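Data block below; observations after.
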Amino acid sequence: MGKKTFRAALNEALHQEMAADPRVVVFGEDVTGGTGGDGEQDAWGGAFGVTKGLLGAYGRKRVLDTPITESAFVGAAAGAALTGLRPVVEIMFVDFIGVCLDQVMNQAAKFRYMFGGKTRCPMVLRATFGAGARSASQHSQALYPLFTHIPGLKVVIPSNPSDAKGLLIQAIRDDDPVIFLEHKMLYDEAGEVSDQPFTVPFGEARILRDGKDATIIAFGRMVGRAEEAARMLSAEGIKVSVIDPRTTSPLDTETILEFAEETGRVIVVDEASPRCGMAADIASLVAEQAFGALKAPIYKVTPPHTPVPYAPSLEDAYLPDAARIAATVRRSMAYKGKS
Amino acid sequence: MSDQIQAITMPKWGMTMTEGKITAWLFAEGDAVGAGDEFVEVETDKIANVVEAEHAGHLRRILVPAGQSARCGSLIAVMAPQEVTDAAIDTYLEGFVIEGAGDDAQPSLTQRKVAVGDLTLNVVTAAGGDGVPVVMIHGFGADTGAWMFNQAELAVGRDVHAVDLPSHGASDVAPGCADLAALTGAVAGVLSQIAPGGVHLVGHSLGGRIALRLATQADIQARSLCLVAPAGFGGGVNQDFLTAFTEADRRRPMKAALQMLVADPDAVSSEMIERTLSFKRIDGVPDALAAIVALSLSETAISDGVAENLGQLTCPMLVIWGAQDRILSPDGTKTAPDGASVILVENAGHMPQMEAAASVNKAIAAHLDGVAT
């Protein structure tokens, strides 16, 4: 045990799985931290430092820098996975998925189904996502609903260092293509993480707080903000449950419905755009299957339907924060029905 | 006069707790509080519990009102008999030194790794003084956190260590170390390093069985033995629990399994469930737990009852059992040898040290104080 950052937890997961399984390979842009030359190799360990030390430990045959062509290296990962490797590829920003979506959406996601269940495609596609880093519209999106929409993909969004490690190990051991999304504002967050290799199964939500008055469901970086809101509300005597589904595909519908039925008030916090996002998806699930238990409308706390703004003041206003989440819970508590 | 004044400080429940929030004072300033009365509710992000008064007195001063948080070890209230003057309390407050205040202060619980042969075991220590130390041994599937309400409280005049058994907590995963002899040998190896000059043993459940066996070994120099719902006394272990616990790989089945451990099912929090599932998902742990069940807790492994010759034990023995224990029947108290003190705790299941922490702490403290050291 010991406190580790989100970044260090991911790095430890990669190290432990590469040590345990020679089929695990890592490639992407700058994952060895440089140009492929000998001078500055592994200076950073990738743009965000997550792959630090892998090159020295496992060599160039298993840790490769690729050219800046997502279409080529994501396609290569899908092919390598089909033929027996367990590639972990890194797209520096998930926003770049556009240039290689066919490889993910039409190839990797469909192999098992279209080959009659006779193939496996155990690839992990890691990518950073999320707003807050002043990186403007093309480097700040939360595109997980896009992947969640596509059958055949598993979609993982860790919210804390321990889950980051356990979910990444699970992703590497999983036989299906996994989209593993890391919020870039969480890399320096620290928390208790076991030193030993361990897994967190997909499709199991984490319950961060138990409260009888309302349920907040949140993803990624929004989980911490939901907890902050829960603390604020607790001081006012409003006790809320906070649930982090951890994966959007598969989704732990059982836990979501259990808490929806227990509390009768559901607030979903989603950093993705409001249309066709996880908040809308969960709202539809609860409305269809737990309608009778609801004491108030299901409320969504999301950004507006706009690109992520570059201006710091606008970017801060764009993202849901604890105050907005708490205000939405109070609104749910105050709901009296038709007057 | 100040020896009659009792400082009430924010408790520390486990390694990760740094502060707690007062959710309610159950007595007002000036009220008389009896020993054992529940008088203040404290919660952290992870756990909520009621604190019971150690000694009787009047609640003279509330320093941290309900709704506010305070660091562990900081003063939250003062109790004193009625005859103590307000001025004397003011003087006491001025001189009070907050333990653990400031970021550089020594934490009240420290953690270290102790090597025993190829194994590394985790030991958590509450420093308390130079007296003969206490070593606490948790039960199957638990870890040092099983003593979170007891360890720091009992560290008065002596250090209190808690050991993570092999394949538990932050100790090494070792499926080969699973029968009673191997588990006992591993703990003995730790004792030879942290308590070479004698030890007070406290064991819960499987840890009770281990403590009992350790106490029969001359080299351990056991000064006293406290067994909380020990395995091996009386009937066997509830095999339904062992099956449910080892098979549970999701939240709901794990909740059902953990609820068998306690008298009050609401005592099982989502945090406990998550923590237990996380432990079971460490590589190698499921195999190690299965091995321990087969070799140390199954009906065949436990059918001998108490393998040790209780008559050989010379050190004072205290046996504590929850009256609603569904894992090991409280009838086990009847197996306690003559001369042992036996305490049956009402409204507690298999974890009386958590469900009735104050009364269990008081009993263990009295037991320890009664032993000439």
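Quick note, the sequences are listed as chains A and B, same order. 1 is the number of the first residue of the first sequence in my numbering; add one for each residue after it. 1001 is the number of the first residue of the second sequence in my numbering; add one for each residue after it. Built from N, CA and C at the ideal position, the CB exists for glycine as well. No experiment lies behind these values; they were computed from the predicted model shown.
- Annotated as distal: B/Gly-1067 and B/Lys-1113, with beta-carbon spacing of 9 angstroms or more.
- DSSP places A/Tyr-310 in the coil class of the three-state scheme, outside both helix and strand.
- A/Gln-170 is classed as buried because its beta carbon has at least 16 other beta carbons within 10 Å across all chains shown.
- In the DSSP assignment, B/Leu-1318 falls within the beta strand (DSSP E) that extends over 1317-1322.
- Using a Cβ-Cβ cut-off of 9 angstroms, B/Ser-1108 does not count as an interface residue toward chain A, since no Cβ of chain A sits closer than that to its own.
- Within the region 21-95 of chain A, the alpha helix (DSSP H) runs of at least 4 residues that lie entirely inside it are, in chain order, 54-58 and 70-82.
- Per DSSP, the unbroken alpha helix (DSSP H) holding B/Met-1354 starts and ends at 1352-1355.
- Close CB contacts of B/Glu-1153 within its chain, under the 7 angstroms cut and outside five residues either way in sequence, are with Asn-1361 (chain order).
- In chain order, Ala-78, Ala-81, Leu-82, Ala-108, Phe-111, Arg-112, Asp-176 and Pro-177 place their CB closer than 7 angstroms to the CB of A/Cys-121, counting only its own chain and leaving out the 5 sequence neighbours on each side.
- By the criterion of at least three beta-carbon pairs nearer than 8 angstroms, the region 1057-1075 of chain B is not in contact with the region 323-332 of chain A.
- The residue among B/Ser-1205, B/Pro-1166 and B/Val-1084 with its C-alpha nearest the C-alpha of B/Gly-1349 is B/Ser-1205.
- In the structure shown, the three-state DSSP call for A/Ser-140 is coil.
- For A/Ala-226, the closest Cβ of chain B is not nearer than 9 angstroms.
- Each of A/Leu-168, A/Tyr-144, A/Arg-209 and A/Asp-65 was checked against the Cα of B/Glu-1274, and the nearest Cα belongs to A/Arg-209.
- Taking the C-beta atoms as reference points, B/Ile-1320 is found no nearer than 9 angstroms to B/Ala-1182.
- If you draw a straight line from the Cα of B/Thr-1120 to the Cα of A/Ala-290, it is about 49 angstroms long.
- In summary, the residues of the region 228-251 of chain A whose CB is separated from some CB of chain B by less than 7 angstroms are Ala-235, in the order they occur in the chain.
- Using beta-carbon distances, A/Gly-166 counts as an interface residue toward chain B, with a partner under 9 angstroms.
- At a beta-carbon threshold of 7 angstroms, none of the residues of chain B lie near A/Ser-313; the nearest stands roughly 31 angstroms away.
- Distance from the Cα of B/Phe-1149 is smallest, within the candidate group B/Leu-1075, B/Asp-1264, B/Phe-1096 and B/Val-1050, for B/Val-1050.
- In the structure shown, A/Ile-179 falls within a strand segment according to DSSP collapsed to helix, strand and coil.
- Under the three-state reduction of DSSP output, B/Met-1017 falls in the coil class, being neither helix nor strand.
- B/His-1367 is positioned such that its CB atom lies closer than 9 angstroms to that of B/Leu-1318.
- Under the DSSP assignment, B/Glu-1052 falls in the beta strand (DSSP E) whose first and last residues are 1048-1052.
- In this structure, the CA atom of A/Ile-282 is about 15 angstroms from the CA atom of A/Ala-293.
- As for any alpha helix (DSSP H) of minimum length 4 sitting wholly inside the region 1193-1262 of chain B, the runs are 1206-1215, 1239-1247 and 1251-1259, ordered along the chain.
- For B/Ser-1270, the C-beta contacts it makes with chain A under 7 angstroms involve Ile-207 and Asp-210, in order along the chain.
- Residues of the same chain with a CB within less than 7 angstroms of the CB of A/Tyr-58, apart from the 5 flanking positions on each side, are Met-18 in chain order.
- Counting C-beta pairs closer than 8 angstroms gives three or more between the region 1290-1304 of chain B and the region 1239-1249 of chain B, which meets the contact rule.
- Annotated as distal: B/Gly-1370 and B/Leu-1344, with beta-carbon spacing of 9 angstroms or more.
- Among the bridge pairs identified by DSSP, B/Leu-1075 is matched with B/Thr-1009.
- For the 9 angstroms CB-CB criterion, B/Val-1135 and B/Ala-1186 do not form a contact.
- Under DSSP, no beta-bridge partner is assigned to B/Tyr-1092.
- Look at B/His-1138 here: in three-state DSSP terms it is coil, with no helix or strand label.
- The residue from B/Asp-1219, B/Ala-1088, B/Thr-1018 and B/Arg-1281 with its alpha-carbon nearest to that of B/Gln-1006 is B/Ala-1088.
- Within the region 1053-1075 of chain B, those residues whose Cβ lies closer than 9 angstroms to any Cβ of chain A are, in chain order, Gly-1067.
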